[in-house]
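Under our numbering, think of the first position of the sequence shown as 2, with each following residue one higher. Using N, Cα and C, we set each Cβ at its ideal position, and we do this for glycine too. Computed from a predicted model, the values in this text were never measured in an experiment.
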Amino acid sequence: MDNLARVHFPSSLREAADLLVARPGARPLAGGTDLLVRHRNGQLPDVTDFVDLSGLDLQKITAEDGRVVIGSGCTMTAVATHPLIRERFPALVQGALQVGAFQIRNAATLGGNVGNASPAGDTIPCLISLEAEVRLFGPAGRRAVPLADFFTGPGRTVLQPGELIEAFALPDRRTAGAFLKLGERRAHAISKVSLALSCWEIAGGRREVRLALGAVAPTVIRCRKAEELLSAAPWPPSAELADKARRLVTEAARPIDDLRSAKEYRRQMTGVLFAKALEQVIGRGASAR
């Protein structure tokens, strides 16, 4: 019985933030697909309270002021099936569909997947490749942080005491993209390596390209040298240029050996996933405007 915890149901973000500040052992709870399992298994001995966010207005997806805003309480199913997301952000659709089995996707939230701050989180590379910012609410009010700067290490973020993830804001533009990952099995697979590629049309027949790698460093990382190379050249890139970009992606990876995979295998697979993602994006001939 030692792993029992109190559950609180705030009626506002302000009340939720106040509860988190007042109770140092409190954690925000959304879908609970990861947090509750870890708590039941005794992996969170310091957690005494859960602040349930499911009753708050965090489940909307809207277009406003040149941004698509996705509430942190949106489930993976809601993200993957929303017409606005499907039209503009194919990489995010693919990433959301990789989060566990169907039942998990019906409960797991975007805020929870990002808030876990796992370098293997499936939606994180997708959001970073789309230049998302995370909108936070806390005792000091609201602030926005580029998602690429949100993580400080495995399981660690820039969240201050009492702060919550309120939403994610993505530039409202039509992109082409792909998300690929390597795992042990299809359902519930934790990524050994993952890669998100997003691009959109810019002047001169070129594409602005963004690449993010998961599970090959303490946090999800961008491949800036490969991005710059691909963004500076006409689209689609030549075979020679694509191979040079593949090598840059491989060099950017900083994996480790662990129980799931060897670091050198992970490093080489980043290049394989990049080549497949680039082939998918070019092959679809998507109009990213």
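Put simply, the backbone Cα of A18 is about 43 Å away from that of K277. In the structure shown, the three-state DSSP call for D50 is strand. Per DSSP, S195 is one residue of the beta strand (DSSP E) stretching across V194 to I203. Residue pairing of T76 in beta bridges, as defined by DSSP: T110. Following the DSSP letters along the chain, one finds V210 inside the beta strand (DSSP E) bounded by residues R207 to G215. Following the DSSP letters along the chain, one finds K182 inside the beta strand (DSSP E) bounded by residues A177 to L183.
Between A121 and I62, the CB-CB gap reaches or exceeds 7 Å.
Of the candidates L171, A177, L196 and L242, L196 places its Cα closest to the Cα of C224. For T153, the CB contacts under 7 Å within the same chain, skipping 5 residues up- and downstream, are V159 in chain order. Taking C-beta atoms under 8 Å as the contact rule, V217 and E228 fail to qualify, at a distance of about 16 Å. Put simply, the backbone Cα of A254 is about 10 Å away from that of M270. Boundaries for T220: no alpha helix (DSSP H) harbours it, and the DSSP string shows neither H nor E there.
Secondary structure note for I129: it is in no beta strand (DSSP E), and the uninterrupted alpha helix (DSSP H) holding it is T124 to S130. When the alpha-carbon of G72 is set against those of I283, Q161, R136 and R207, the nearest one is in R136. Per DSSP, F169 is not a residue of any alpha helix (DSSP H); the beta strand (DSSP E) it occupies stretches across L165 to P172.
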